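To start, the structure under review is shown below, and the notes come after it.
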Amino acid sequence: MRRASLMATVSAIVLLALLPADAAEPLATITVEAGAHERLDTPVCVAVPKGAEAWPPVNLREAGTGEAATLIACQVEAGDPPRLAFILPGKTPAGAARVFEVTPLDARLLASRAEVRKRDGGLDVIVHDKPVLRYHAARTELPEGVEEKFAHEAYIHPAWTPAGRVVTDDYPPDHKHQRGIWFSWTKTEFEGRHPDFWNLGDQTATIRFTEMGPTADGPVFASFEPHHEHLDTKAPGGPKVILKEQWAVRVWNAGGPDAGYFLWDLTSRQQCVADSPLRLPKYHYGGLGYRGNRAWLTEVAMKTSEGKGRKDGNESTARWLDLAGPLDGGQAGCLILIHPSNFRYPQPLRLNPKQPQICVAPSQGGDWEIKPGEEYVSHYRFVIHDGPMDDATAERLWRDFAEPPTVKIAANASVNPSAGAAASTSSAGPSDAAGATDAAKDKPLKICMLAGSDEYSGYESLSAFKKHLESAGRAVCTLVRGKDKAASLPGVEALTGCDVLLVFLRRNTLLPDQLRVVQDWCKAGKPVVGVRTASHAFQNWLEFDKEVLGGNYQGHYGHGPVAKVNLLEVSKDHPVLKGVQPFESAYSLYKNTGLADDVTLLATATADGHTEPVAWTRLHNGGRVFYTSLGGPKDFENPNFRRMLTNAIFWTAKREAE
401 MRRASLMATV SAIVLLALLP ADAAEPLATI TVEAGAHERL DTPVCVAVPK
451 GAEAWPPVNL REAGTGEAAT LIACQVEAGD PPRLAFILPG KTPAGAARVF
501 EVTPLDARLL ASRAEVRKRD GGLDVIVHDK PVLRYHAART ELPEGVEEKF
551 AHEAYIHPAW TPAGRVVTDD YPPDHKHQRG IWFSWTKTEF EGRHPDFWNL
601 GDQTATIRFT EMGPTADGPV FASFEPHHEH LDTKAPGGPK VILKEQWAVR
651 VWNAGGPDAG YFLWDLTSRQ QCVADSPLRL PKYHYGGLGY RGNRAWLTEV
701 AMKTSEGKGR KDGNESTARW LDLAGPLDGG QAGCLILIHP SNFRYPQPLR
751 LNPKQPQICV APSQGGDWEI KPGEEYVSHY RFVIHDGPMD DATAERLWRD
801 FAEPPTVKIA ANASVNPSAG AAASTSSAGP SDAAGATDAA KDKPLKICML
851 AGSDEYSGYE SLSAFKKHLE SAGRAVCTLV RGKDKAASLP GVEALTGCDV
901 LLVFLRRNTL LPDQLRVVQD WCKAGKPVVG VRTASHAFQN WLEFDKEVLG
951 GNYQGHYGHG PVAKVNLLEV SKDHPVLKGV QPFESAYSLY KNTGLADDVT
1001 LLATATADGH TEPVAWTRLH NGGRVFYTSL GGPKDFENPN FRRMLTNAIF
1051 WTAKREAE
């Protein structure tokens, strides 16, 4: 099936066009901020505002270019919210901002599409009329002399460079189970058995394709979403499914022959559907696997982001790794970019000393497990390149993936009477295509509460609120206790297995590894809820307030009259305010005037003649964020405050509170 766009996609990536004097009024304005790094032909995405579903087919026009305007293709993917994707064209200097207008489609924009083409046993993805990758849904034909037990499916091979060189291999004679690009675990424990999904010759486990989810074509990307099952083949009573996996593969119409590389993303979501956990003891390989062309058996180079090579890089950690060598009269290779949200990032690596094979292997870091109902998510970007890959280019491509530009969109109210507030995102890396399924939305929401703020009895308030949330069976909460101004927060690692982060700390100084857990969560655009002193939760990350929450904490007024909380009329229909009535708060009013431009203000409060914002939402790196400066003990006793906070938690996770 093909995913239907809300709008027809435009026809080409970039076109210089002469605009008529009466060019159409823009539907919206998009601002892209490069941030601290220079950008070059970078994929970006932004959530589109309310009312965009009524737009005609559109393209982008760079503002300020006069009559000779640059027209840029864009593509909208349905979702909640829908997202508009485009390639930020050319070079954008560090610190620069570029402004684009969303305008009705210019028919002179010519086609240059990324396409999914179905074939027997799988599909191909084509960009610039050149093959990029092939996905195998069915078991592939065995080469002569290869035993049936090595047959495999649910993997990518070949992966081509723009010049047509194949950088992957299949059924290599030295390791017949290895295949192109795949995902499997090696050393495991499950119900007293040891299924090995990697070494198929042992015949203790296998991976099979089950169904193909939505596919999409367009001028900006092509995508597909296959579903897999990981089975224990030695289970009593027959094969038993342990993991259900969903891939989201997105191939960008970026790079290409002129740049010398193809660019595509792979997100894997593995959910344990068994009643017992899949335990993964410490082991040196297992996870994302890549097997290079057998021509590299005699000559291949491996390097990592940390400056290590094949010999000293094995069992090290890195942000990216590259494998390359001579091929078909030239040079070619595969650069793998690792996202900061991944488990045990920077992730451990297996660099095979004999074969052109590498693996991203989190089990090197020690024993771990995927619990029943738990989802293990990994994000990677592949750069399949002709010629050598220099470190500066690899770093630039990694930053585009891990630290993308900030993108903001503001609808033109004169042509979008129903448009909502501006939205922003900087997450063009991990695709939202493999989002939560309806089944996942029926599962209890996993909430990690970082509870401290002794001044406001944060731990006690959240302990009671935890019981309130769990009483209906809609949520499971993990309470991590902190202390005001403490130098550590033991247990924060529990966040990695949760759906929503709730912060109610005050001036904590976390250990570097602990702080990284929270920072990686936020960088990945995952749901965040902040309460009261969350605006100054981290002494060694003071930017959390502005960068993530969108706030501007400047202290507070003195303890005095009761603050009257007012719900904004313009936001009364927001899901966070469903069932909430105006109420009063007995605590000092925080000074927060001067919020980020992209917030949606929900409520203000007035005390002793002072009015300040007290509740708002925004998007950060594509993820939903809610913050309230309320949250004293009596606030938690107020049913309207509890309702607002409950609504907000479920809203950030794109779920209904009831």
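Following the numbering used here from start to finish, the sequence shown increments by one per residue and tops out at 1058. Glycine included, each C-beta is placed from N, C-alpha and C at the ideal position. All of these numbers come straight from a predicted model, not from anything done at the bench.
By a C-beta neighbour count over all protein chains shown, 10 Å radius and 16 as the cutoff for buried, is residue i buried or exposed?
{"i": "N459", "result": "buried"}
{"i": "D1035", "result": "buried"}
{"i": "T668", "result": "The residue you asked about is not Thr; residue 668 is Ser in the sequence shown. It is buried - the Cβ of S668 has at least 16 other Cβ atoms within 10 Å."}
{"i": "T603", "result": "Thr is not the amino acid found at residue 603; the sequence shown has Gln there. Q603 is exposed by the Cβ-count criterion."}
{"i": "A1003", "result": "buried"}
{"i": "V970", "result": "exposed"}
{"i": "P762", "result": "buried"}
{"i": "E553", "result": "buried"}
{"i": "N1047", "result": "buried"}
{"i": "G656", "result": "buried"}
{"i": "R517", "result": "exposed"}
{"i": "Q954", "result": "exposed"}
{"i": "T1052", "result": "buried"}
{"i": "K808", "result": "buried"}
{"i": "R519", "result": "exposed"}
{"i": "K644", "result": "buried"}
{"i": "D675", "result": "exposed"}
{"i": "K866", "result": "buried"}
{"i": "A810", "result": "buried"}
{"i": "D767", "result": "exposed"}
Can you name, in chain order, every residue of its own chain whose Cβ lies under 8 Å from the Cβ of residue i, other than the five neighbours on each side?
{"i": "P982", "result": "K964, V965, N966, L967 and N1040"}
{"i": "A497", "result": "T431, V432, E433 and A434"}
{"i": "H956", "result": "S988, L989, Y990 and K991"}
{"i": "G366", "result": "Only positions 401 to 1058 of the chain appear in the structure, and residue 366 is not among them; the question remains open."}
{"i": "D422", "result": "Any reading at D422 must be qualified, since the residue scores a pLDDT of 46, below 50, and its modelled position is unreliable; the value itself is stated next. Nothing listed; no residue qualifies."}
Going by alpha carbons, who is nearest to residue i out of the options?
{"i": "T1028", "options": "T588, N1021 and Y987", "result": "Y987"}
{"i": "L1030", "options": "L1019, K1054 and G858", "result": "G858"}
{"i": "E803", "options": "L427, A434 and L751", "result": "A434"}
{"i": "I1049", "options": "K518, M849, L735 and P912", "result": "M849"}
{"i": "K682", "options": "I556, K711, K978 and E715", "result": "E715"}
{"i": "A538", "options": "V527, G490, E547 and G522", "result": "G522"}
{"i": "R874", "options": "P890, K885, I847 and A864", "result": "I847"}
{"i": "D945", "options": "L911, K972, G994 and P912", "result": "G994"}
{"i": "N992", "options": "A1005, G787 and E1012", "result": "E1012"}
{"i": "L735", "options": "I770, S741, G618 and Y780", "result": "Y780"}
{"i": "R1042", "options": "L869, T717 and A428", "result": "L869"}
{"i": "D998", "options": "L910, A695 and L1019", "result": "L1019"}
{"i": "V476", "options": "A469, L484 and T470", "result": "L484"}
{"i": "A1057", "options": "K843, V641, N940 and A924", "result": "K843"}
{"i": "C445", "options": "L666, V620, K530 and P504", "result": "V620"}
{"i": "G958", "options": "L942, A1007, D854 and F938", "result": "A1007"}
Name the DSSP bridge partner or partners of residue i?
{"i": "A514", "result": "V527 and G618"}
{"i": "R1062", "result": "Any property of residue 1062 remains undetermined from this structure, which presents the chain solely from 401 to 1058."}
{"i": "S584", "result": "G687"}
{"i": "S668", "result": "W647 and S778"}
{"i": "W652", "result": "F621 and L663"}
{"i": "G692", "result": "T568"}
{"i": "M612", "result": "P626"}
{"i": "P1013", "result": "T1004"}
{"i": "G930", "result": "V903 and Y1027"}
{"i": "V641", "result": "L631"}
{"i": "I784", "result": "F662 and C734"}
{"i": "F938", "result": "N908"}
{"i": "G522", "result": "R519 and H536"}
What does a CB cutoff of less than 7 Å around residue i pick up in its chain, not counting 5 residues either side in sequence?
{"i": "E893", "result": "V917"}
{"i": "Y745", "result": "I738 and D920"}
{"i": "G829", "result": "Annotation note: pLDDT 49 at G829 (below 50); position unreliable, no value reported."}
{"i": "M789", "result": "D722, A724, G733 and L735"}
Excluding the 5 residues preceding and the 5 following residue i in the sequence, name in chain order all residues of the same chain whose CB lies nearer than 6 Å to its CB.
{"i": "K576", "result": "V546 and F550"}
{"i": "K634", "result": "R593 and T604"}
{"i": "A559", "result": "L533, V567, T568 and I784"}
{"i": "A622", "result": "A514, E515, V516, V525 and V651"}
{"i": "G582", "result": "It is Trp, not Gly, that sits at residue 582 in the sequence shown. Y555 and G689."}
{"i": "V700", "result": "G725 and P756"}
{"i": "V670", "result": "A quick correction: the sequence has Gln, not Val, at residue 670. Counting only Cβ-Cβ distances below 6 Å, and skipping sequence neighbours, we find L643, E645 and Y776."}
Should residue i be listed as close to the ligand HEM, given that the test is whether its C-beta is under 7 Å from any heavy atom?
{"i": "R1018", "result": "Judged by which ligands are present, the structure shown has none, so any question about the ligand HEM falls away."}
| field | Uninterrupted beta strand (DSSP E) stretches inside the segment 698 to 773 (no shorter than 3 residues) | value | 701 to 704, 720 to 727, 730 to 738, 747 to 751, 757 to 760 and 768 to 770
| query | Which runs of the beta strand (DSSP E) spanning at least 3 residues fall entirely within the segment 427 to 486, listed in chain order? | reply | 428 to 433, 439 to 447, 458 to 462, 468 to 472 and 475 to 477
| task | Counting only runs of 3+ residues fully inside the segment 875 to 927, write out the beta strand (DSSP E) ranges in chain order. | result | 875 to 881 and 900 to 904
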